[in-house]
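Just so you know, the numbering used here puts 137 at position 6 of the sequence shown, and the rest follows in order with no gaps.
Worksheet: one structure, shown below.
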Amino acid sequence: MSLFTYQSPQQSAWQLFCFETCHVVAMYCSQVHMSSLALSLSLSLSLSSKVEMEVLVTELLKDYHFGQQQLIEIWGHACAVAITKAYPLSSLSKKQPTVLVICGPEQNGSIGLVCARHLRIFEYEPTIYYPKRSPHSLHQDFTIQCEKMDIPFLSYLPTEVQLINDAYNLVIDSILGPETDLQDVKEPYSGILATLKQVKIPIASVDVPSGWDSDEASTDGINPEVLISLMAPKKCATSFSGKHFLAGRFLPYDMQKKYELNLPEFPGTECFIEL
Numbered sequence: 132m133s134l135f136t137y138q139s140p141q142q143s144a145w146q147l148f149c150f151e152t153c154h155v156v157a158m159y160c161s162q163v164h165m166s167s168l169a170l171s172l173s174l175s176l177s178l179s180s181k182v183e184m185e186v187l188v189t190e191l192l193k194d195y196h197f198g199q200q201q202l203i204e205i206w207g208h209a210c211a212v213a214i215t216k217a218y219p220l221s222s223l224s225k226k227q228p229t230v231l232v233i234c235g236p237e238q239n240g241s242i243g244l245v246c247a248r249h250l251r252i253f254e255y256e257p258t259i260y261y262p263k264r265s266p267h268s269l270h271q272d273f274t275i276q277c278e279k280m281d282i283p284f285l286s287y288l289p290t291e292v293q294l295i296n297d298a299y300n301l302v303i304d305s306i307l308g309p310e311t312d313l314q315d316v317k318e319p320y321s322g323i324l325a326t327l328k329q330v331k332i333p334i335a336s337v338d339v340p341s342g343w344d345s346d347e348a349s350t351d352g353i354n355p356e357v358l359i360s361l362m363a364p365k366k367c368a369t370s371f372s373g374k375h376f377l378a379g380r381f382l383p384y385d386m387q388k389k390y391e392l393n394l395p396e397f398p399g400t401e402c403f404i405e406l
């Protein structure tokens, strides 16, 4: 008696069709489930205004005795970890894992410096463009730390966009934070934003995409592929359609309740979550 059962070509084709159909249906159901989960998560989140975030940070500094340097370190590290999730080393198209980090003069710029330092530890190759270095000793400390780790600083940003596309895998936008008054944005930052609007490589924005009003849906400004919100998403995130992360898992529970943030449950011990 033969151990093998003869199957006609028609039977084999039918079985293959059934298998592939089941596989496609399973993949579709999985995607629908994940999309529904993401939608549910987004709908339950509270979106914070610029004023609300300022009040929250002031309370952290004064009542809870967090230090400004401590907060920037937490945010910068969480941003770097989120970047490794969005753009793993194995997924980068270029031979070298190069990343361009563009830093503004205020707090968002310092978060970018910390992010670059941690990315270097995670075996990426960051380069920093920091056109107007802050005289504040806190910002200077973060700059020195990057210099001590041999992270290169650009003296200028190429206006020829193809040079940026060819040299880097992605750009991290830590230029203008939610505290920025867009009416006051001048050179070199207006020129930087004009250049970033033309790049073809992905952009990941820290907290608020530079050029966006943090309190309003925006169609102007740059168009990042990834947004990394800090502490809580800002109101402008309603018009963002890319990959969205929430970073910075440290807020005391009573503050979360007081400000009705409705933050999602972070997985395991992660310091970020994809929304």
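We put the beta carbon where it would ideally sit given N, CA and C, even for glycine.
Bear in mind that the values here come from a model prediction, so they are computed numbers and not experimental data.
| query | result |
| --- | --- |
| Closest to Arg380 by CA distance: which of Gln329, Thr400, Val186, Gly235 is it? | Thr400 |
| Could you tell me the alpha carbon to alpha carbon distance between Pro319 and Val292, rounded to whole angstroms? | 16 Å |
| Could you round the C-beta distance between Gly352 and Pro340 to whole angstroms and report it? I think they count as a contact, below 8 Å. | 5 Å |
| Going by Cα to Cα distance, which pick from Gln227, Gly240, Val182 is closest to Asp304? | Gly240 |
| So which of Gly198, Ile203, Lys193 has the shortest CA-CA distance to Asp338? | Ile203 |
| Within the same chain, show all residues whose beta-carbon is closer than 7 Å to that of Val212, passing over the 5 residues directly before and after it, in chain order. | Cys402, Phe403 |
| Closest by CA to Lys263, which one among Ser180, Ile233, Glu391, Leu406? | Ile233 |
| Using a Cβ-Cβ cutoff of less than 6 Å, which residues in the same chain neighbour Gln200 once the five nearest sequence positions on both sides are dropped? | Leu269 |
| Taking a contact to mean a Cβ-Cβ separation below 8 Å, would you say Ala335 touches Val357 in this structure? | yes |
| Which whole runs of the beta strand (DSSP E) in the segment 171 to 241 are 3 residues long or more, in chain order? | 229 to 234 |
| Whole-angstrom Cβ separation of Asn300 and Tyr218, contact assumed at under 8 Å? | 7 Å |
| What do you get for His196, buried or exposed, if any count of 16 or more other CB atoms within 10 angstroms of its CB means buried? | exposed |
| Would you mind listing the beta strand (DSSP E) stretches within the segment 358 to 382 that are 3+ residues and don't spill past its ends, in chain order? | 374 to 378 |
| Kindly indicate which three-state DSSP category Leu301 falls into: helix, strand or coil? | strand |
| Give the DSSP-derived three-state secondary structure of Ala325 in the structure shown. | helix |
| In the structure shown, what three-state DSSP assignment does Thr258 receive? | strand |
| Using the Cα positions of Leu174 and Leu406, report the straight-line distance between them to the nearest angstrom. | With a pLDDT of 45 at Leu174, under the threshold of 50, the modelled position of that residue is not reliable, and the figure given next carries that caveat. Between Leu174 and Leu406, the C-alpha separation is close to 10 Å. |
| Inspect the CB distances between the segment 265 to 280 and the segment 304 to 314 and report whether three or more fall short of 8 Å. | no |
| Going by CA-CA distance only, name the one from Val186, Ser180, Thr215, Val182 that's closest to Phe376. | Thr215 |
| Output the distance between the C-alpha atoms of Ser265 and Glu254, rounded to the nearest integer angstrom. | 27 Å |
| Can you list, in chain order, the residues of its chain with a C-beta nearer than 6 Å to that of Ala209? Leave out the 5 residues immediately preceding and following it. | Ala378, Gly379, Cys402, Phe403 |
| Rounding to the nearest angstrom, what Cα-Cα distance links Val245 and Tyr260 in this structure? | 13 Å |
| According to the neighbour-count rule (16 or more other Cβ atoms, all chains shown, within 10 Å of its Cβ), is Gly235 buried or exposed? | buried |
| Just list the residues that DSSP pairs Val337 with in beta bridges. | Ile359 |
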